[in-house]
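As C-alpha cells, the structure follows; a few thoughts come after it.
Residue numbers (my numbering): 44 to 133.
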C-alpha cells in the first residue's frame, strides 16, 4: 500500500478528502465539497493527516486558486511549486 486516503463524512456524504503518500507525507490531492467550505473541515482533515505525517508536503497548487492557497497558508503549509496551465500548439 503506497497511499492513504483520509475522508470526512456526514452520514453517507463525503465532505472532504485527501490522498497522501505514506512514505513521505506528500499530499497528492485534497478537496472540500463546495457547499461545506469555511466550516473547518479542511482544518480537521489536515490535523488528522498531520498526526500521522508530521512532515507534510504539497506541490502543484493551482496559482489561481486563491482560496486553497490562503487555507494552506493559514494552517502553516505553504505550497512549494505552483501549477501553471500549459498548452502546446500542434
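From the three backbone atoms N, C-alpha and C, an ideal C-beta is built for every residue, glycine too.
- Between the beta-carbon of residue 99 and that of residue 108 there is about 18 Å, and that puts the pair past the 8 Å contact cut.
- Within the same chain, 58 come within 6 Å of residue 76 by CB-CB distance, once the 5 residues on both sides are set aside.
- Nearest in C-alpha terms to residue 101, of all of 115, 110 and 91, is 115.
- Distance between residue 113 and residue 49, taken at the CA atoms: about 21 Å.
- Contact annotation: residue 63 and residue 88 have beta-carbon atoms that are not nearer than 7 Å.
- A straight line joining the alpha-carbon of residue 110 with that of residue 79 spans about 13 Å.
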